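Asks: Quick note: the sequence shown uses our numbering, first residue 5, plus one each step.
Here a beta-carbon is modelled for each residue, glycine too, at the ideal position from N, C-alpha and C.
Small disclaimer: the values here were computed from a predicted structure and weren't measured.
If you scroll down you'll find the structure; I have some questions about it.
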Amino acid sequence: MLAPYAVGLVALVLLPAAATLVLAFADYDLVQPPQWTGTENFTELAGDGIFRTALFNSLVFAAVAVPLRLLIALGLALLLHRRARGVGTARTAAALPAAVPEVAYGLLWLWLFNPLYGPINQLLRVGGENGLTALGRTPPQWLTDPTDARAAIIIMSLFTVGESFLVLLAARLVLPPEVYELAAVEDATGWDVFRRITLPLIAPVLGLLLVRDTILSFQVSFVPALVVTDGGPPPYATTYLSLFVYRNAFEYLRYGYASAATMVMLVLTVAAVILQWRLLRRWR
Numbered sequence: 005m006l007a008p009y010a011v012g013l014v015a016l017v018l019l020p021a022a023a024t025l026v027l028a029f030a031d032y033d034l035v036q037p038p039q040w041t042g043t044e045n046f047t048e049l050a051g052d053g054i055f056r057t058a059l060f061n062s063l064v065f066a067a068v069a070v071p072l073r074l075l076i077a078l079g080l081a082l083l084l085h086r087r088a089r090g091v092g093t094a095r096t097a098a099a100l101p102a103a104v105p106e107v108a109y110g111l112l113w114l115w116l117f118n119p120l121y122g123p124i125n126q127l128l129r130v131g132g133e134n135g136l137t138a139l140g141r142t143p144p145q146w147l148t149d150p151t152d153a154r155a156a157i158i159i160m161s162l163f164t165v166g167e168s169f170l171v172l173l174a175a176r177l178v179l180p181p182e183v184y185e186l187a188a189v190e191d192a193t194g195w196d197v198f199r200r201i202t203l204p205l206i207a208p209v210l211g212l213l214l215v216r217d218t219i220l221s222f223q224v225s226f227v228p229a230l231v232v233t234d235g236g237p238p239p240y241a242t243t244y245l246s247l248f249v250y251r252n253a254f255e256y257l258r259y260g261y262a263s264a265a266t267m268v269m270l271v272l273t274v275a276a277v278i279l280q281w282r283l284l285r286r287w288r
């Protein structure tokens, strides 16, 4: 019964990973046979300013987006775990963005973030004069300002927490009700219940989601950066490691160089997961 999954794992994960590892030490353009170059690709990466910018952008995205995504998913799970009128619709609305195809999702946000006619900036201008906000400031230039563009990619990621929300909702629903009944008898406040009961009991699930989202953070920024900002505005404000790998492999046909960048991304992901796992074990 496990054979189909084992075949898929080998064919779709292990073999491509092995091919990527081999190509990382070669020069390959899909036309000529691969030529062994040793560590030349990694040496070039070390001196590549675009790669360093992509690496920095990816680390900032992971450091900001991952905690915010978990906080939002946890807040929604705690808000919608009780039975009430309309709670089913609210749960569906919270999970629905994660089911939208990524390209369609990106095109939707491309319209929302339009600096001149987008609904977001139109809403921010309410109460202001001469195209300014109510605070007298210029609305964010989501697609042309580097800082605003990075914020836009993070904002886009915050609405696709449907999977994390469903996992945390299920984890909250299976917590023992007698513990909360005892807390009510003891006249515990809502903050005390959350801090001393809910959070410790749900912490293992949060830990796993933290590790998972950290791994995915190096991938989920690809489609928004490609569709919405095209890796810009210059100079490479929203070029992440995934977009860097894609362009070098499929636009510049530098498969060896892209494979080396992929291996660096893999090493960073493993290092981040190991660090988080050790911190979580110590905290537990």
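Could you give the distance in angstroms between the alpha-carbon of F248 and the alpha-carbon of Y109?
Replies: As a first step, residue 248 must be located in the sequence shown, where it is residue number 244. As a first step, residue 109 must be located in the sequence shown, where it is residue number 105. Approximately 21 Å, taken between the alpha carbons.
Asks: Using a Cβ distance threshold of 8 Å, determine whether the stretch 141-161 contacts the stretch 224-239, with at least three qualifying pairs required.
Replies: At 8 Å Cβ cutoff, the stretches touch.
Asks: Alpha carbons only, please: which of V70, T41, D52, E190 is nearest the one belonging to Q280?
Replies: In the sequence shown, the residue the question calls residue 280 occupies position 276. Looking at the Cα atoms, V70 is the closest of the given residues.
Asks: Which same chain residues end up closer than 6 Å to M160 when comparing Cβ atoms and leaving out the 5 residues on each side of it in sequence?
Replies: For this step, residue 160 is matched to residue 156 along the sequence shown. Taken in chain order, the residues that qualify are W113, P228.
Asks: Mapping DSSP to helix, strand and coil, what is Q36?
Replies: Counting from one through the sequence shown, the residue named residue 36 turns up at place 32. DSSP places Q36 in coil when its eight states are reduced to three.
Asks: Does DSSP put D191 in a helix, a strand or coil?
Replies: The residue given as residue 191 occupies position 187 in the sequence shown. D191: coil per DSSP, three-state reduction.
Asks: On the DSSP letters alone, give me the boundaries of the alpha helix (DSSP H) that S246 sits inside.
Replies: By 1-based counting over the sequence shown, the position of residue 246 is 242. From DSSP, the alpha helix (DSSP H) with S246 extends over 245-250.
Asks: Do the stretch 54-74 and the stretch 212-221 meet, that is, are 3 or more Cβ pairs less than 8 Å apart?
Replies: The answer is yes - the stretch 212-221 touches the stretch 54-74, with three or more Cβ pairs under 8 Å.
Asks: Do three or more CB pairs link the stretch 35-42 to the stretch 261-281 at distances below 8 Å?
Replies: As far as the Cβ criterion goes, the stretch 35-42 does not touch the stretch 261-281, which means the pair count is below three.
Asks: Would you list, in sequence order, the uninterrupted alpha helix (DSSP H) runs of no fewer than 4 residues that lie entirely inside the stretch 56-113?
Replies: DSSP runs (the alpha helix (DSSP H)) wholly in the stretch 56-113: 91-99.
Asks: Which residues in the same chain have their Cβ closer than 6 Å to the Cβ of Y244, if we skip the five residues on either side of it in sequence?
Replies: Stepping through the sequence shown from its first residue, residue 244 is reached at position 240. Here the set comprises A58, N61, S62, S225, A229.
Asks: If L213 sits next to L74, beta carbons under 8 Å apart, how far is it from one beta carbon to the other, in whole angstroms?
Replies: Here residue 213 corresponds to residue number 209 of the sequence shown, with the count starting at 1. Here residue 74 corresponds to residue number 70 of the sequence shown, with the count starting at 1. At roughly 6 Å, the Cβ-Cβ gap stays under 8 Å, so L213 and L74 are in contact.
Asks: Counting beta carbon pairs with one atom in the stretch 17-25 and one in the stretch 263-273, are three or more of them shorter than 8 Å?
Replies: Yes: at least three Cβ pairs fall under 8 Å.
Asks: Which residues mark the beginning and the end of the alpha helix (DSSP H) in which A10 is found?
Replies: By one-based count along the sequence shown, residue 10 stands at place 6. 7-13 is the extent of the alpha helix (DSSP H) around A10.
Asks: Please classify F222: is it buried, with 16 or more other beta-carbons within 10 angstroms of its beta-carbon, or exposed?
Replies: Counting from one through the sequence shown, the residue named residue 222 turns up at place 218. That one is buried.
Asks: For A99, I'd like the list of residues in its chain whose CB is within less than 7 Å of its CB, leaving aside the five on either flank, ordered along the chain.
Replies: Taking the sequence shown and counting its residues from 1, one reaches residue 99 at position 95. Cβ within range, chain order: G166, F169, L170.
Asks: Assuming the contact rule is C-beta atoms closer than 8 Å, L136 and I76 should be a hit. Round their C-beta distance to whole Å, please.
Replies: Residue 136 sits at position 132 when you count from the first residue of the sequence shown. Residue 76 sits at position 72 when you count from the first residue of the sequence shown. In fact, because the Cβ distance is near 29 Å, the residues do not count as touching under 8 Å.
Asks: Starting from Q223 and walking both ways along the alpha helix (DSSP H), at which residues does that stretch end?
Replies: Stepping through the sequence shown from its first residue, residue 223 is reached at position 219. Per DSSP, Q223 belongs to the alpha helix (DSSP H) from 203-224.
Asks: Ordered along the chain, which non-local residues of its own chain (more than five positions away) have a Cβ less than 6 Å from that of A138?
Replies: Sequence index remark: in the sequence shown, residue 138 carries index 134 (1-based). Hits under 6 Å: G131, G132.
Asks: Indicate the three-state DSSP secondary structure (helix, strand or coil) for A30 in the structure shown.
Replies: Position 26 of the sequence shown, counting from 1, holds the residue named residue 30. The answer is strand: DSSP assigns A30 an E or B state.
Asks: Return helix, strand or coil for P143, following the three-state DSSP convention.
Replies: Along the sequence shown, read from residue 1 onward, the residue named residue 143 stands at position 139. Reduced to three states, the DSSP call for P143 is coil.
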